[in-house]
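Note that the protein sequences, when read in sequence, are chains A and B.
Position one of the first sequence corresponds to residue 185 (the working numbering), numbered consecutively onward.
Position one of the second sequence corresponds to residue -6 (the working numbering), numbered consecutively onward.
We put the beta carbon where it would ideally sit given N, CA and C, even for glycine.
If you're wondering where the values come from, they're calculated on a predicted model, not measured in any experiment.
Report on the following structure.
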Amino acid sequence: MRKTFTGLRAWLIQRVSAVYMLLFIVFILAHFVGDPPHSYAAWNGWMMGSSVSMATAVFFAALLAHAWVGVRDVIMDYVHPVAFRVWALALLGIGLTAMGVWVMWILWMRHG
Amino acid sequence: MRIRDMNGSEKRRPVFFNLMQIQMPVGALTSITHRVTGIFLAISVPFGIYLLDLSLQDPQSYAQVISLFDKLTFRAAAIVFVWALAHHLLAGIRHLLSDIDIGSQLPAARRSAWVVNLGGIAVALLALGALL
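Next comes the structure, spelled out in structure tokens:
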């Protein structure tokens, strides 16, 4: 396990990512209430603007870090045999990393 | 469960796991629900990324994502998702506040636990109203 994600750092990551995600969700909700996109062109144009796609990328980075700390805590609480625990954490890490790559690809390669 | 006493010798402690008889104070309910919704939200991340990708591809797939809301099962899933997210957010805000010593005393903590549990349901009902 990486030492950077344990103890105080994990606690801090969980809180900083939570606050960013909260602000991002409020921003998205405000946009959907105030100026909802009514067409593909409007939605795509808004999402692919450099500031929104950057804020979205940071949101997913925060989300995946938050999920890492949270699910890791649950695994450590309930999965005790070392071999199972290592596998569960490895699968979690691979899965979250893959999702991160997927999002970056969507935001900058596929549509950007 | 194995524990050691102060002299280092091993003792067996009784384990009580009859879930039907364990008392659940409101704060415990908020806490376990925070955890369960967190796992649920983590599982829903890849589905969310998939829908984001689909919505950005072309007008046809964008329309496909919009038309998902015509399906009753999708709307039901969306409402469950909104409830899980609302509960998890409110419980998280409660955590952040108690970090800075707001509402960390028991009576206030019990009140805020009620607010979180009922607030999550209230937001889900709003979503239900919006989607019906």
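For B:L44, which residues in the same chain have their Cβ closer than 6 angstroms to its Cβ, ignoring the five residues on either side in sequence? Here the set comprises V58.
Report the residue ranges of all alpha helix (DSSP H) runs contained in full by the stretch 208 to 239 of chain A; include only those spanning at least 4 residues, in chain order. 224 to 231
Less than 8 angstroms between the CB atoms is what I'm expecting for A:L276 and A:I259, so what's the real figure, rounded? 7 angstroms
Inter-residue spacing [alpha-carbon to alpha-carbon] between A:F244 and A:V287: 7 angstroms
Using a Cβ-Cβ cut-off of 7 angstroms (strictly less than) and excluding sequence neighbours within five positions of A:A251, which residues of its own chain qualify? Only L280 meet the Cβ criterion.
Anyone know if the C-beta pair for B:L89 and B:G113 falls short of 7 angstroms? no
Candidates B:Q16, B:L124, B:Q53, B:A102: closest to B:V73 by CA position: B:L124
Taking B:R139 as the query, report the chain A residues whose CB atoms sit under 8 angstroms from its CB, ordered along the chain. Beyond the ends of chain B as shown, which are -6 and 125, falls residue 139 of chain B; an answer cannot be given.
The alpha helix (DSSP H) that contains B:R103, what's its start and end? 99 to 124
For chain A, find out if any of its Cβ atoms is closer than 7 angstroms to the Cβ of B:A35; answer yes or no. yes
Under the rule that 16 or more other beta-carbon atoms within 10 Å means buried, what is A:Y262, buried or exposed? Of the other Cβ atoms in all chains shown, fewer than 16 fall within 10 Å of the Cβ of A:Y262; this residue is therefore exposed.
Mind checking if A:W230 is an interface residue toward chain B, Cβ cutoff 7 angstroms exclusive? no
In chain B, which residues lie less than 7 angstroms from A:W286 when you measure between Cβ atoms? Those are I42, listed as they occur along chain B.
List the endpoints of the continuous alpha helix (DSSP H) containing B:H81. Looking at the DSSP string, the run of the alpha helix (DSSP H) that includes B:H81 is 65 to 92.
Within 7 angstroms (strictly less), CB to CB, does B:L124 reach chain A? no
Could you tell me the alpha carbon to alpha carbon distance between B:P18 and B:L12, rounded to whole angstroms? 13 angstroms
Does the structure place the stretch 95 to 108 of chain B close enough to the stretch 44 to 53 of chain B that three or more beta carbon pairs sit under 8 angstroms? no
What does B:I32 touch in chain A if you count any residue whose Cβ is under 9 angstroms from its own? G254, V255, V258
Between B:L128 and chain A, is any beta-carbon pair separated by less than 7 angstroms? Summary: the structure shown does not reach residue 128 of chain B, with chain B confined to residues -6 through 125, and so no result is reported for it.
Just the Cα atoms here: how many angstroms apart are A:W227 and B:L121? 24 angstroms
Nonlocal neighbours in the same chain, by C-beta distance under 8 angstroms from B:S54, ignoring five residues either side: L47, S48
Quick check: is the beta carbon of B:D63 nearer than 7 angstroms to any beta carbon in chain A? no
Taking 7 angstroms as the threshold (C-beta atoms), are A:I197 and A:V255 in contact? no
Consider the Cβ of B:L118: report whether some Cβ of chain A lies at a distance smaller than 7 angstroms. Judged by the 7 angstroms Cβ criterion, B:L118 is not in contact with chain A.
DSSP-derived helix/strand/coil call for B:M17: coil
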